[in-house]
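Chains A and B are the protein sequences, given in the same order.
If you read the first sequence in the numbering used here, its first letter stands for residue 7, the second for the next number, and so on.
If you read the second sequence in the numbering used here, its first letter stands for residue 30, the second for the next number, and so on.
Note that CB positions come from ideal geometry on N, CA and C, so glycine has one too.
Remember, predicted model here, so these are calculated numbers, not experimental data.
One structure below.
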Amino acid sequence: MQQIRRFFTKKTFVFSIVLFILVILVNFAMQYANLGLDKFEKRFMFLLDNNIRGFIPLILLAIAQAIVLINGSIDLSIGNLMGVVAAFLVTQYSKDDSIARFLQVFVMAIGIGVLAGALNGIFVSLVRIPPFITTYATSFVFSGIAMWILPRPGGNMPEIATTFYRTMLPLGLPMGMWIILIIMLLWLVFRNTRFGAHMYAIGGNEKAAFTSGVSVIRHRMSVHMIAGFLAAFAALALVLITGSSDPRIGATMTLDSVVAVVLGGTPMSGGIGGVVGPIFGVLTLGFVRNIVGFANVDTWVQPLVDALIILVALASPSLIRLILKQARK
Amino acid sequence: MAQNLTSNDIVKHFAGVTALSSGCLTANSGEVVALIGANGSGKSTLCKIITGVVAPDEGQLLLNGTPISFSTPVEAIKSGIAAVYQDLSLIPSLSIAQNIWLTREPMSGIFIKYRTQRKRTQELLDLFADTMRTSLTPDTLVNELPPDEQQIVEILKAVSTNPRIMILDEATSSLDSRQVDRLFTLIGEWKKQDKAIIFISHRMVEVFRIADRITVLRNGKTVGDFDAKKVKEKDLINLMVENAKEHLEKTGTSIFKKLRETVLKVTNLRTQRLQGIDFEVKKGELLGIAGLQGQGQSDILHSIFGSIQFSGTIELDGRDHQFKHTSQSMAKDIALVPGDRAKEGLLMRLSILENLMLPSWRKYGLPLNTGKAKKDAAKTSQSLKIIMADLNMPVSSLSGGNAQKVVIGKWLQRNPRILLLNDPTKGVDVGTKAEFYDLLKDLCKNGTTILFYSSDDEELVGLCDRVLVIRDGMIRKEIPRSKLTLSSLITASVTSSEETAHATD
Chain A
7 MQQIRRFFTK
17 KTFVFSIVLF
27 ILVILVNFAM
37 QYANLGLDKF
47 EKRFMFLLDN
57 NIRGFIPLIL
67 LAIAQAIVLI
77 NGSIDLSIGN
87 LMGVVAAFLV
97 TQYSKDDSIA
107 RFLQVFVMAI
117 GIGVLAGALN
127 GIFVSLVRIP
137 PFITTYATSF
147 VFSGIAMWIL
157 PRPGGNMPEI
167 ATTFYRTMLP
177 LGLPMGMWII
187 LIIMLLWLVF
197 RNTRFGAHMY
207 AIGGNEKAAF
217 TSGVSVIRHR
227 MSVHMIAGFL
237 AAFAALALVL
247 ITGSSDPRIG
257 ATMTLDSVVA
267 VVLGGTPMSG
277 GIGGVVGPIF
287 GVLTLGFVRN
297 IVGFANVDTW
307 VQPLVDALII
317 LVALASPSLI
327 RLILKQARK
Chain B
30 MAQNLTSNDI
40 VKHFAGVTAL
50 SSGCLTANSG
60 EVVALIGANG
70 SGKSTLCKII
80 TGVVAPDEGQ
90 LLLNGTPISF
100 STPVEAIKSG
110 IAAVYQDLSL
120 IPSLSIAQNI
130 WLTREPMSGI
140 FIKYRTQRKR
150 TQELLDLFAD
160 TMRTSLTPDT
170 LVNELPPDEQ
180 QIVEILKAVS
190 TNPRIMILDE
200 ATSSLDSRQV
210 DRLFTLIGEW
220 KKQDKAIIFI
230 SHRMVEVFRI
240 ADRITVLRNG
250 KTVGDFDAKK
260 VKEKDLINLM
270 VENAKEHLEK
280 TGTSIFKKLR
290 ETVLKVTNLR
300 TQRLQGIDFE
310 VKKGELLGIA
320 GLQGQGQSDI
330 LHSIFGSIQF
340 SGTIELDGRD
350 HQFKHTSQSM
360 AKDIALVPGD
370 RAKEGLLMRL
380 SILENLMLPS
390 WRKYGLPLNT
400 GKAKKDAAKT
410 SQSLKIIMAD
420 LNMPVSSLSG
430 GNAQKVVIGK
440 WLQRNPRILL
450 LNDPTKGVDV
460 GTKAEFYDLL
470 KDLCKNGTTI
480 LFYSSDDEEL
490 VGLCDRVLVI
500 RDGMIRKEIP
510 RSKLTLSSLI
520 TASVTSSEET
530 AHATD
């Protein structure tokens with residue numbers, strides 16, 4: 007019993023994987039029921055590809071959020087930060103831009119993301135305003151900037167890039183899967199650096215980390231900048247799918263990113279977690295919404311069902327722990 | 030290289046309170062110097078100044094003759110001074126290895142060499158082999174360790190910096206005897222390696238076992254420095270308490286004691302800190318709980334109040350009660366006045382009225398009879414002589430002493446039968462203390478039973494009918510009123526065995 011308990015408390019992403027498998031089975035069962043066997047078989051890869059590619063922006067945001075949360079901070083501006091970068095991208099690009107021009111603008115976009123993250127970082131770590139307040143305030147700043155850049159939905163994307171992103175199946179596997187694979191590899195590297203190790207230390211006990219000589223201010227500042235960096239990539243992934251942007255597009259994604267992280271088993275208290283959980287958290291969240299979409303329920307019921315499933319999913323780990331605790335007595 | 034650390038006349042004030050007025054301490058290579066003193070004599074403050082955790086207000090710190098001042102503990106570590114602190118500085122969610130090597134991880138390029146880190150941690154853990162659980166590995170998380178093993182990790186963390194001067198601040202307080210033996214063997218080896226060791230402990234036996242020299246602090250002042258072989262335990266204790274005035278008049282409530290029945294009986298009480306406590310309290314008795322800080326005294330009070338988990342039996346009027354929630358004990362007219370008033374006792378931004386009424390609103394019906402509540406609150410505040418502008422002012426506008434009166438007042442509203450006091454006079458001015466003592470006496474006369482834990486030994490001597498001295502989670506001595514003096518109390522708190530405690534009676 008002790009071992010099961012330790013397994014669940016230590017490997018926090020286990021629960022999200024179980025839930026994920028359940029959800030993915032239901033999702034494809036419903037798509038299968040809707041399409042019939044023939045069509046489903048033919049279009050399986052297409053469906054998988056489309057599904058996962060759609061989740062990539064939120065996956066990137068959730069990873070950004072996970073890093074910030076592990077560090078003991080929070081970023082409530084991440085969605086709108088992404089909105090700013092997305093607005094910048096679609097207003098700078100035109101339909102027939104070259105690859106070189108595409109990359110040039112994107113490098114600038116990364117700069118904007120990192121700069122915006124640094125703004126959060128300065129207030130959180132140097133001025134020591136609670137991150138919850140700071141990033142809530144900057145989220146409105148970013149939202150304003152996005153509307154200033156892109157007053158109404160629209161904009162352009164280079165067709166070279168969008169076609170590439172939408173149709174490529176490297177080695178026959180969906181593009182989204184490759185991106186997830188690359189993210190996981192990079193995480194493995196990051197996790198084994200001193201910076202990565204100190205991230206957990208600060209989130210675990212800020213005061214003890216400081217006494218041990220970790221430069222907390224500089225570190226937390228960097229973490230917020232990394233979050234901005236990742237948000238820029240999220241913006242790119244988003245506009246590559248849609249081909250245009252909406253200044254308000256990021257608003258709902260902030261809380262989704264927090265939900266995905268918690269769904270993936272990373273607590274909001276900091277010090278533990280990783281990116282595997284959040285990735286599965288986003289996939290679960292996305293497939294749940296797919297299922298609700300396929301279920302042919304009234305439109306007004308959708309958010310309700312959606313929210314209920316999320317609530318149950320969020321409560322389950324605590325419930326399991328509670329049951330295990332009772333069982334031990 | 031021979032090391033010599035000297036601190037001269039260090040002065041440190043904390044918000045108007047003088048923690049150190051003349052702290053002098055010398056540590057030499059190949060020598061163990063023990064720093065001893067009663068509660069609040071400034072031992073920990075002196076250590077924190079040496080290691081750069083707090084900055085001194087005045088005085089000089091010399092390392093090998095050169096003045097030094099550290100603004101962070103890291104600078105001290107770089108100069109070869111490492112400390113093991115009382116309050117643990119570990120990160121619970123990280124592994125033993127990660128904690129020990131934090132910021133000093135073995136690196137290969139940008140990557141941490143986890144295998145090397147693990148190996149080095151294992152080598153350190155081997156120093157304490159056979160005194161810890163066998164299942165312990167470098168990857169075990171710190172939050173899975175019991176307090177003694179956490180303490181050992183803390184010691185190993187200091188050892189891993191390979192210091193030339195090592196400070197052990199109460200490092201043995203949570204270790205068992207085998208672990209202490211092992212630590213002392215290691216200290217012996219460090220001495221041979223020409224390290225200087227500053228050893229702080231409340232256990233006299235340990236001090237005499239390990240120390241070469243003993244420095245005594247009293248009220249923030251260094252009052253003596255002795256060769257450990259040439260000084261007697263009794264003389265040291267006298268020096269620790271000398272001139273301490275027993276100025277509190279002894280006016281007890283003892284005359285009532287014989288007539289009353291037992292209200293509370295505690296048998297084999299165990300918590301994380303307590304190792305089996307048995308005692309009885311009679312109606313109207315004022316029972317003191319004494320001992321050095323952090324020996325588990327608060328746990329006794331919290332167990333009775335039902336605010337922590339415990340095992341053992343607590344009988345109230347002869348009937349077994351296991352309170353799982355404070356509302357149950359409150360229903361039985363038990364009240365607990367917490368020590369940390371800002372954290373546990375008051376809602377700082379709410380009004381005095383609301384604070385006073387918080388546990389008693391139930392009495393005032395629906396809708397609340399605020400007129401009556403106001404009248405009652407006014408009565409309480411008058412009887413407690415709370416100095417305030419208005420009942421509707423926030424508690425944060427009150428001085429420390431007055432704020433503490435509100436904490437007590439809010440429980441007096443409920444007319445408790447048993448009052449549990451958890452170091453209630455900390456940071457309270459002398460005048461308020463005197464009023465507070467009168468109040469306790471009155472309550473006892475009216476039949477209220479009081480359990481009084483205090484870190485101020487003088488007030489226990491002045492007030493209590495009986496005092497239980499707690500050390501390492503056990504009752505080491507029960508001192509009746511007739512034998513209660515400041516020196517008997519301190520002797521029982523610091524001496525390490527029953528025998529010596531009796532000898533110095």
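Checklist entry - Which first and last residues belong to the beta strand (DSSP E) in which B:Gly253 is found? => result For the purposes of this step, residue 253 of chain B is taken as residue 224 along the second sequence, with counting starting at 1. B:Gly253 -> beta strand (DSSP E) spans 250 to 256.
Checklist entry - Does any CB atom of chain A fall closer than 9 Å to the CB of B:Gln127? => result Residue mapping note: residue 127 of chain B aligns to position 98 of the second sequence, counting from 1. Cβ-Cβ to chain A under 9 Å: yes for B:Gln127.
Checklist entry - Where does B:Ile536 sit, in a helix, a strand or coil, going by DSSP? => result This structure cannot speak to residue 536 of chain B, because chain B is shown only from 30 to 534.
Next on the checklist: Quick check on this structure: which residue in A:Thr168, A:Ile285, A:Asn211 has the alpha carbon closest to the alpha carbon of A:Ile247?
Outcome noted: Your numbering for residue 247 of chain A matches position 241 in the first sequence. It is A:Thr168.
Item to check | Where B:Val182 falls: helix, strand or coil (DSSP) | outcome: For the purposes of this step, residue 182 of chain B is taken as residue 153 along the second sequence, with counting starting at 1. Reduced to three states, the DSSP call for B:Val182 is helix.
Checklist entry - Can you list, in chain order, the residues of the region 213 to 233 of chain A whose Cβ is nearer than 7 Å to any Cβ on chain B? => result Ala214, Ala215, Thr217, Ser218, Gly219, Val220
Checklist entry - Is there contact between the region 215 to 225 of chain A and the region 129 to 137 of chain B, where contact requires at least three CB pairs shorter than 8 Å? => result yes
Checklist entry - According to a CB-to-CB cut-off of less than 7 Å, which residues of the region 83 to 103 of chain B neighbour chain A? => result Pro102, Val103
Item to check | Neighbour flag for B:Ile181 against chain A, beta carbons, 9 Å | outcome: Position 152 of the second sequence, counted from the first residue, corresponds to residue 181 of chain B. It does not: the Cβ of B:Ile181 has no partner Cβ on chain A nearer than 9 Å.
Next on the checklist: Below 7 Å on C-beta distance, what does B:Met136 contact in chain A?
Outcome noted: The residue labelled residue 136 of chain B in the question sits at position 107 within the second sequence. Ordered by position in chain A, the residues that pass the 7 Å Cβ test against B:Met136 are Arg200.
Next on the checklist: Assess contact between the region 275 to 283 of chain A and the region 104 to 116 of chain A, defined as three or more Cβ pairs (one per stretch) separated by less than 8 Å. Is contact present?
Outcome noted: no
Checklist entry - Cα separation between A:Ala68 and A:Ala240? => result As a first step, residue 68 of chain A must be located in the first sequence, where it is residue number 62. As a first step, residue 240 of chain A must be located in the first sequence, where it is residue number 234. Taking the straight line joining both Cα atoms gives about 10 Å.
Item to check | Proximal residues to B:Gly305 (C-beta, below 6 Å), its chain only, five neighbours per side dropped | outcome: As a position in the second sequence, residue 305 of chain B is number 276, starting the count at 1. Asn297, Arg299, listed in sequence order.
Checklist entry - Would B:Phe285 count as contacting chain A if we go by Cβ distances under 9 Å? => result As a first step, residue 285 of chain B is located in the second sequence; it is residue number 256 there, counting from the start. Bear in mind that a pLDDT of 47 at B:Phe285, under 50, signals an unreliable position, so the model cannot answer this.
Checklist entry - Okay, do the region 427 to 446 of chain B and the region 377 to 384 of chain B touch, 3+ Cβ pairs below 8 Å being the bar? => result yes
Checklist entry - If you draw a straight line from the alpha carbon of A:Phe26 to that of A:Ile315, how long is it in whole angstroms? => result For the purposes of this step, residue 26 of chain A is identified with residue 20 of the first sequence, where counting begins at 1. For the purposes of this step, residue 315 of chain A is identified with residue 309 of the first sequence, where counting begins at 1. Spanning the two alpha carbons is a distance of roughly 12 Å.
Checklist entry - How far does the beta strand (DSSP E) with B:Ile243 in it reach, from first residue to last? => result Reading the second sequence from its first residue, position 214 is the one you call residue 243 of chain B. Segment 242 to 247, the beta strand (DSSP E) holding B:Ile243.
Item to check | Nearest-angstrom Cα separation, counted from B:Asp254 out to B:Cys493 | outcome: Along the second sequence, one-based indexing puts residue 493 of chain B at 464. Along the second sequence, one-based indexing puts residue 254 of chain B at 225. Those two C-alpha atoms are separated by around 34 Å.
Checklist entry - Cβ of B:Pro445 less than 9 Å from any chain A Cβ? => result As a first step, residue 445 of chain B must be located in the second sequence, where it is residue number 416. Cβ-Cβ to chain A under 9 Å: no for B:Pro445.
Next on the checklist: Just to make sure I have the definition right: I need the residues of chain B whose C-beta is within less than 9 Å of the C-beta of A:Asn211. Which are they?
Outcome noted: Counting from one through the first sequence, the residue named residue 211 of chain A turns up at place 205. In chain order: Ser118, Leu119, Ile120, Pro121, Ser122, Leu123.
Item to check | Beta-carbon spacing of A:Val74, A:Pro137 below 9 Å | outcome: Here residue 74 of chain A refers to the residue found at position 68 when the first sequence is read from its first residue. Here residue 137 of chain A refers to the residue found at position 131 when the first sequence is read from its first residue. In contact: A:Val74 and A:Pro137 (Cβ atoms closer than 9 Å).
Item to check | Delimiting residues of the beta strand (DSSP E) encompassing B:Asp307 | outcome: Indexing the second sequence from 1 puts residue 307 of chain B at position 278. Looking at the DSSP string, the run of the beta strand (DSSP E) that includes B:Asp307 is 304 to 311.
Checklist entry - If we call anything under 9 Å between Cβ atoms a contact, is A:Pro180 one with A:Leu291? => result Locating residue 180 of chain A in the first sequence gives position 174, counting from the first residue. Locating residue 291 of chain A in the first sequence gives position 285, counting from the first residue. Against a cut-off of 9 Å, the Cβ pair of A:Leu291 and A:Pro180 comes out as no contact.
Checklist entry - Among residues of its own chain, excluding the 5 on either side of B:Thr47, which ones have a beta-carbon nearer than 6 Å to its beta-carbon? => result Position 18 of the second sequence holds residue 47 of chain B. Around B:Thr47: Gly249.
Item to check | Short CB-CB distance (under 9 Å) between A:Gly271 and chain B | outcome: Against the first sequence, residue 271 of chain A aligns to sequence position 265. False, the Cβ-Cβ gap to chain B never drops below 9 Å.
Next on the checklist: Short of 8 Å Cβ to Cβ, which residues in the region 140 to 154 of chain B face chain A?
Outcome noted: Phe140, Ile141, Tyr143
Checklist entry - Are the C-beta atoms of A:Gly280 and some chain B residue less than 9 Å apart? => result Working through the first sequence from its first residue, we reach residue 280 of chain A at position 274. It does not; no Cβ of chain B falls within 9 Å.
Next on the checklist: One question on the structure: do B:Ile184 and B:Val113 come within less than 9 Å of each other, judged by their Cβ atoms?
Outcome noted: Sequence index remark: in the second sequence, residue 184 of chain B carries index 155 (1-based). Sequence index remark: in the second sequence, residue 113 of chain B carries index 84 (1-based). Yes, the Cβ-Cβ distance between B:Ile184 and B:Val113 is below 9 Å.
Item to check | Cβ of B:Thr132 within 9 Å of any chain A Cβ | outcome: Taking the second sequence and counting its residues from 1, the one referred to as residue 132 of chain B is at position 103. With 9 Å as the cut-off, B:Thr132 counts as an interface residue toward chain A.
Checklist entry - Can B:Leu90 and B:Phe308 be called in contact, C-beta distance under 9 Å? => result For this step, residue 90 of chain B is matched to residue 61 along the second sequence. For this step, residue 308 of chain B is matched to residue 279 along the second sequence. Taking 9 Å as the Cβ cut-off, B:Leu90 and B:Phe308 do not qualify as a contacting pair.
Checklist entry - So what's B:Lys286 in DSSP terms, helix, strand or just coil? => result The residue you call residue 286 of chain B lines up with position 257 of the second sequence. Because the pLDDT at B:Lys286 is just 49, under 50, the model does not fix this residue reliably, and the point stays unresolved.
Checklist entry - Does B:Ile106 get closer than 9 Å to chain A when you measure Cβ to Cβ? => result One-based indexing of the second sequence puts residue 106 of chain B at position 77. Interface residue, yes.
Next on the checklist: Using a Cβ-Cβ cutoff of less than 6 Å, which residues in the same chain neighbour A:Ala207 once the five nearest sequence positions on both sides are dropped?
Outcome noted: Taking the first sequence and counting its residues from 1, the one referred to as residue 207 of chain A is at position 201. Once the five neighbours on either side are set aside, the close Cβ partners of A:Ala207 are Ala215, Val220.
Checklist entry - Can you find a CB in chain B that lies within less than 9 Å of the CB of A:Val195? => result Counting from one through the first sequence, the residue named residue 195 of chain A turns up at place 189. Chain B contact via Cβ: present.
Next on the checklist: Just verifying my parser: in three-state terms, what is the DSSP assignment at B:Arg446?
Outcome noted: What you label residue 446 of chain B is simply residue 417 of the second sequence in a count that begins at 1. Note: B:Arg446 maps to coil in three-state DSSP.
Next on the checklist: I need the DSSP call for B:Thr529, collapsed to helix, strand or coil.
Outcome noted: In the second sequence, counting from the first residue as 1, residue 529 of chain B sits at position 500. Bear in mind that the predicted position of B:Thr529 carries a pLDDT of just 42, short of 50, making it too unreliable to give a figure here.
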